[in-house]
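Residue numbers (my numbering): 59 to 476.
Okay, structure first, notes after.
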Ligand code: EPZ
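Below you can see the structure in the form of structure tokens.
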């Protein structure tokens, strides 16, 4: 297993290009199962999770080919197996995104239940309830979801809570269902909007994506299409915090500041100078950050996927901040590791009380999940001395060669094999 060696204290300076969004690429690739045409996807990030879902689609018989420009072509023409096996699903919950497309196009699917993960149990009951309302027969056996439906029909589905992949799964199912589907209390994330844009380019008839009420007129078939995946707002937010925590001056290119309003607002409140332009963002921080309070919420609220990164910044802020996590049950795994670096954080209920300290100290720390590992890297960039971040395979799931890009901004960071 690899680890990162980081020596903190260098303000980051320079420019970094933001990759395509992992959480848009995953449903967009799964949408390849909905058509026997070709999907030509551009701006696909080179990540472990993308390799995993590509392997899963190939397992089913789909073709998934990389191209020289870093894009992917997905073709669902030859799909002949409708199963997502446990050994693949357990490494990536987002594999559940093949469920809706398989049932919609082939009338059947056998998908391993994803099981929980480090940040919470993360059930898929709302995905299944929606498919049932659309006429699918759902059985659970031996840890697998077995779904059957001669033809899905439209339905009015009201989600108990906002679910990103639940909305995405049912959007893909509804695109080929007979009649009209309305998704109420739908997730509004940019990644949901990006999937709807792709589906409409394939001939779907979707209105309202990005609001919490989405209407889909089913069509008999979908065609191939070309689509450029949106920028990754969480990767961009992570680099923006890296600029702020090191008191540097970094420009992000190929990003979408309009998808980052809540996060940029908190960075400004903490004292960062944030200048947004079309597709670009400049973040400067000249002094110690000011403590701010944050509560995570579904989009357009403050992203839960940015909570750990902001906590790293607040660990060295002037004052006390209260960080409340409302989306996942256990998304404070990074706290114990930050404490090992000298942070002063107490957890009570769903909130973390962070008393900023003048400086953190480098230490050996362990990554537990994707965004927690990003938080440890950020803390290490400002800590005195050397930090070793272990199990960085978590990081590789969501950040393309992050150590090379941080080093290009001046960070003292190296990847070594453990
Ligand atoms: C997506 O996960 C993202 N992953 C997550 O990003 C992100 O943290 C999350 O949305 C919230 O924004 C992808 O898009 C691939 P949810 P998802 O369904 O869809 C509960 C990352 O770091 N729930 O919106 O799995 C669930 O337990 C990852 O890139 C049910 O109870 O999240 C959670 O508490 C981590 N029943 C809440 O809803 C269901 O059927 C939100 O989960 C579905 C969800």
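All C-beta atoms in this analysis are idealised placements derived from N, C-alpha and C, irrespective of residue type, glycine included.
One Cα belongs to residue 211, the other to residue 153, and the distance between them is close to 24 Å. Residue environment analysis places residue 101 among the buried positions, since at least 16 neighbouring C-beta atoms fall within 10 angstroms of its C-beta.
Between residue 230 and residue 92, the C-beta gap is smaller than 8 Å, which places the two residues in contact. Beta-carbon to beta-carbon, residue 434 and residue 447 are separated by about 5 Å, close enough to satisfy the 8 Å threshold.
Close CB contacts of residue 168 within its chain, under the 6 Å cut and outside five residues either way in sequence, are with 141, 202, 204 (chain order). Rounded to whole angstroms, residue 80 and residue 456 show a C-alpha spacing of 7 Å.
Beta-bridge partners of residue 411 (DSSP): 380, 404. Secondary-structure assignment with DSSP links residue 271 through a beta bridge to 242. Taking the Cα of residue 377 as reference, the smallest distance to any Cα among 350, 383, 399, 187 is reached at 350. In this structure residue 249 is buried. Its beta-carbon is surrounded by 16 or more other beta-carbon atoms within 10 angstroms.
When distances are taken from the beta-carbon of residue 363 to the heavy atoms of ligand 1, the shortest one is below 7 Å. Just measuring C-alpha positions, the residue of 426, 407, 431, 440 sitting nearest residue 420 is 440. Per the coordinates, the alpha-carbon of residue 316 lies some 36 Å from the alpha-carbon of residue 170. Closest in alpha carbon position to residue 311, among 362, 162, 353, 294, is 294. Going by C-alpha positions, residue 401 is about 10 Å away from residue 375.
Counting C-beta atoms within 10 angstroms of its own C-beta, residue 198 has fewer than 16 neighbours from the protein chains shown and is therefore classed as exposed. In the three-state reduction of the DSSP assignment, residue 307 falls in the strand class. No heavy atom of ligand 1 is found nearer than 7 Å to the CB of residue 86.
Between residue 341 and residue 325 the beta-carbon gap is near 7 Å, inside 8 Å, which marks them as a contact. Close CB contacts of residue 450 within its chain, under the 7 Å cut and outside five residues either way in sequence, are with 60, 61, 62, 425, 431 (chain order). With contact defined as three or more Cβ pairs closer than 8 Å, the segment 325–335 and the segment 383–395 are not in contact.
By alpha-carbon distance to residue 337, the top candidate from 320, 318, 314, 346 is 314. Short note on residue 249: C-beta closer than 7 Å to some heavy atom of ligand 1.
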